[in-house]
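J.:
Numbering (the working numbering), first residue to last: 3 to 140.
1) Tell me residue 40's beta-bridge partners as DSSP assigns them.
2) Please report the straight-line C-alpha distance between residue 20 and residue 30, rounded to a whole angstrom.
3) Using only the alpha-carbon positions, how far apart do residue 78 and residue 49 sit?
4) Measuring only the C-alpha atoms, how far is residue 33 from residue 105?
5) What are the boundary residues of the beta strand (DSSP E) that includes residue 94?
6) Suppose you measure from the CA of residue 97 to the CA of residue 24; what does that come to, to the nearest Å?
7) Using 8 angstroms as the threshold, is the C-beta distance between residue 44 and residue 12 below it?
8) Thinking just about the alpha-carbon of each residue, which of 16, 41, 35, 9 is nearest to the one in residue 80?
9) Please report the straight-line C-alpha distance between residue 93 and residue 52, rounded to a whole angstrom.
10) Which of helix, strand or coil does DSSP assign to residue 58?
11) Would residue 95 be called buried (16 or more neighbouring beta carbons within 10 Å of its own) or exposed?
12) Cutting at 8 angstroms between CB atoms, please list the residues of its own chain near residue 66, excluding the five before and the five after it.
13) Taking 8 angstroms as the threshold (C-beta atoms), are residue 22 and residue 56 in contact?
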(Lines of atoms letter the chains of each structure in order from A; the text may use other names.)
(Lines give C-alpha, C1' and ligand atoms only; values in the text may rest on other atoms or scores of the structure.)
Protein backbone atom coordinates (compact mmCIF):
# COMPACT_ATOMS: atom_id res chain seq x y z
CA UNK A 3 0.00 0.00 0.00
CA UNK A 4 1.56 3.29 -0.97
CA UNK A 5 1.29 6.60 0.87
CA UNK A 6 0.46 4.98 4.19
CA UNK A 7 -1.40 7.43 6.40
CA UNK A 8 -0.94 5.75 9.80
CA UNK A 9 1.72 3.57 11.35
CA UNK A 10 0.35 1.76 14.38
CA UNK A 11 3.12 0.48 16.64
CA UNK A 12 2.12 -2.19 19.16
CA UNK A 13 4.68 -2.94 21.85
CA UNK A 14 4.38 -6.21 23.72
CA UNK A 15 6.14 -8.47 26.19
CA UNK A 16 4.50 -11.65 27.51
CA UNK A 17 0.99 -10.54 26.55
CA UNK A 18 -0.29 -13.74 24.97
CA UNK A 19 -3.60 -13.36 26.79
CA UNK A 20 -4.36 -9.87 25.39
CA UNK A 21 -2.42 -9.27 22.17
CA UNK A 22 -5.14 -10.81 19.96
CA UNK A 23 -7.62 -8.18 21.17
CA UNK A 24 -5.19 -5.37 20.36
CA UNK A 25 -4.62 -6.73 16.84
CA UNK A 26 -8.34 -7.30 16.30
CA UNK A 27 -9.08 -3.69 17.22
CA UNK A 28 -6.67 -2.54 14.51
CA UNK A 29 -8.10 -4.91 11.91
CA UNK A 30 -11.60 -3.52 12.61
CA UNK A 31 -10.62 0.08 11.84
CA UNK A 32 -13.04 1.87 9.50
CA UNK A 33 -10.04 3.57 7.84
CA UNK A 34 -7.82 0.95 6.25
CA UNK A 35 -4.82 2.97 5.02
CA UNK A 36 -2.43 1.90 7.76
CA UNK A 37 0.43 -0.39 8.58
CA UNK A 38 0.74 -2.10 11.94
CA UNK A 39 4.15 -2.96 13.34
CA UNK A 40 4.08 -5.32 16.29
CA UNK A 41 7.31 -5.19 18.25
CA UNK A 42 7.76 -8.16 20.57
CA UNK A 43 10.32 -7.50 23.30
CA UNK A 44 11.59 -11.11 23.40
CA UNK A 45 8.51 -12.61 25.06
CA UNK A 46 9.04 -15.92 26.83
CA UNK A 47 5.39 -17.01 26.70
CA UNK A 48 3.10 -17.78 23.74
CA UNK A 49 2.72 -14.14 22.64
CA UNK A 50 4.37 -14.73 19.26
CA UNK A 51 1.99 -17.61 18.45
CA UNK A 52 -1.03 -15.44 19.26
CA UNK A 53 0.36 -12.60 17.13
CA UNK A 54 0.84 -14.85 14.10
CA UNK A 55 -2.61 -16.36 14.48
CA UNK A 56 -4.31 -12.96 14.89
CA UNK A 57 -2.52 -11.41 11.90
CA UNK A 58 -3.21 -14.27 9.51
CA UNK A 59 -2.35 -13.19 5.94
CA UNK A 60 -3.00 -9.47 6.45
CA UNK A 61 -0.09 -7.76 4.67
CA UNK A 62 -0.62 -4.52 6.62
CA UNK A 63 0.86 -6.22 9.69
CA UNK A 64 4.48 -7.04 10.37
CA UNK A 65 6.28 -8.55 13.34
CA UNK A 66 9.61 -7.34 14.66
CA UNK A 67 11.13 -9.39 17.48
CA UNK A 68 13.91 -8.21 19.75
CA UNK A 69 16.60 -10.81 20.40
CA UNK A 70 16.70 -9.80 24.08
CA UNK A 71 14.31 -7.96 26.39
CA UNK A 72 15.13 -4.26 26.07
CA UNK A 73 12.28 -2.05 27.37
CA UNK A 74 9.05 -0.39 26.33
CA UNK A 75 11.02 2.65 25.19
CA UNK A 76 13.18 0.51 22.89
CA UNK A 77 10.20 -1.35 21.41
CA UNK A 78 8.59 1.95 20.49
CA UNK A 79 11.88 3.25 19.10
CA UNK A 80 12.20 0.11 16.97
CA UNK A 81 8.66 0.65 15.70
CA UNK A 82 9.35 4.28 14.80
CA UNK A 83 12.54 3.35 12.95
CA UNK A 84 10.65 0.81 10.84
CA UNK A 85 7.49 2.84 10.21
CA UNK A 86 6.60 4.71 7.04
CA UNK A 87 3.23 6.31 7.87
CA UNK A 88 2.52 10.00 8.05
CA UNK A 89 1.17 9.65 11.61
CA UNK A 90 2.24 7.36 14.46
CA UNK A 91 -0.16 5.65 16.85
CA UNK A 92 1.30 3.81 19.85
CA UNK A 93 -0.46 0.95 21.61
CA UNK A 94 0.66 -1.50 24.23
CA UNK A 95 -0.26 -5.14 23.65
CA UNK A 96 -3.04 -4.96 26.21
CA UNK A 97 -4.66 -1.83 24.67
CA UNK A 98 -7.35 -1.52 22.01
CA UNK A 99 -8.54 1.27 19.71
CA UNK A 100 -12.16 2.19 19.13
CA UNK A 101 -13.00 1.02 15.61
CA UNK A 102 -13.28 4.55 14.20
CA UNK A 103 -10.16 6.00 15.85
CA UNK A 104 -8.08 6.33 12.67
CA UNK A 105 -11.09 7.70 10.75
CA UNK A 106 -11.61 10.34 13.43
CA UNK A 107 -7.98 11.46 13.31
CA UNK A 108 -8.17 11.64 9.50
CA UNK A 109 -11.34 13.77 9.79
CA UNK A 110 -9.67 16.15 12.23
CA UNK A 111 -6.75 16.52 9.84
CA UNK A 112 -9.07 17.28 6.88
CA UNK A 113 -10.74 20.02 8.92
CA UNK A 114 -7.45 21.87 8.94
CA UNK A 115 -6.27 20.87 12.37
CA UNK A 116 -3.50 18.62 11.03
CA UNK A 117 -0.74 20.54 12.81
CA UNK A 118 -2.26 20.15 16.25
CA UNK A 119 -1.30 17.23 18.45
CA UNK A 120 -4.13 14.73 18.72
CA UNK A 121 -4.55 12.17 21.44
CA UNK A 122 -7.21 9.50 21.31
CA UNK A 123 -7.05 6.98 24.10
CA UNK A 124 -9.18 4.11 25.24
CA UNK A 125 -8.48 2.39 28.47
CA UNK A 126 -10.13 -0.83 29.47
CA UNK A 127 -9.38 -2.37 32.80
CA UNK A 128 -10.59 -5.40 34.67
CA UNK A 129 -11.58 -5.68 38.30
CA UNK A 130 -10.77 -8.57 40.59
CA UNK A 131 -14.23 -10.03 39.88
CA UNK A 132 -13.33 -10.10 36.12
CA UNK A 133 -15.86 -7.40 35.20
CA UNK A 134 -14.65 -4.77 32.77
CA UNK A 135 -14.61 -1.00 32.99
CA UNK A 136 -13.98 1.44 30.15
CA UNK A 137 -12.94 5.00 29.73
CA UNK A 138 -12.92 6.60 26.29
CA UNK A 139 -11.54 10.05 25.65
CA UNK A 140 -11.47 11.90 22.33
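Note that beta-carbon positions come from the ideal geometry of N, C-alpha and C, so glycine has one too.
T.: So, from the listed chains and residues:
1) Your numbering for residue 40 matches position 38 in the chain shown. Partner(s): 12, 65.
2) Working through the chain shown from its first residue, we reach residue 20 at position 18. Working through the chain shown from its first residue, we reach residue 30 at position 28. Approximately 16 angstroms between the Cα atoms of the pair.
3) To locate residue 78, count along the chain shown from 1; it is residue 76. To locate residue 49, count along the chain shown from 1; it is residue 47. Each residue's Cα considered, the two are about 17 angstroms apart.
4) Translated into the one-based positions of the chain shown, residue 33 becomes position 31. Translated into the one-based positions of the chain shown, residue 105 becomes position 103. In a straight line, the C-alpha of residue 33 is about 5 angstroms away from that of residue 105.
5) On the chain shown, position 92 is the one that residue 94 refers to. Per DSSP, residue 94 belongs to the beta strand (DSSP E) from 89 to 94.
6) As a position in the chain shown, residue 97 is number 95, starting the count at 1. As a position in the chain shown, residue 24 is number 22, starting the count at 1. Looking at the two C-alpha atoms, the distance is approximately 6 angstroms.
7) The sequence position of residue 44 within the chain shown is 42, counting from 1. The sequence position of residue 12 within the chain shown is 10, counting from 1. No, the pair does not count as a contact, with Cβ atoms beyond the cut-off.
8) Indexing the chain shown from 1 puts residue 80 at position 78. Comparing Cα positions, the closest option is 41.
9) By one-based count along the chain shown, residue 93 stands at place 91. By one-based count along the chain shown, residue 52 stands at place 50. Taking the straight line from one Cα to the other gives about 17 angstroms.
10) Here residue 58 is taken as the residue at index 56 of the chain shown, counted from 1. Looking at residue 58 - three-state DSSP - the assignment turns out to be coil, as it is neither helix nor strand.
11) As a first step, residue 95 must be located in the chain shown, where it is residue number 93. With 16 or more other Cβ atoms within 10 Å, it is buried.
12) As a position in the chain shown, residue 66 is number 64, starting the count at 1. For residue 66, where only same-chain residues beyond five positions count, the Cβ hits under 8 angstroms are 39, 40, 41, 42, 80, 81, 84.
13) Residue mapping note: residue 56 aligns to position 54 of the chain shown, counting from 1. Residue mapping note: residue 22 aligns to position 20 of the chain shown, counting from 1. In this structure, residue 22 lies closer than 8 angstroms to residue 56 by Cβ.
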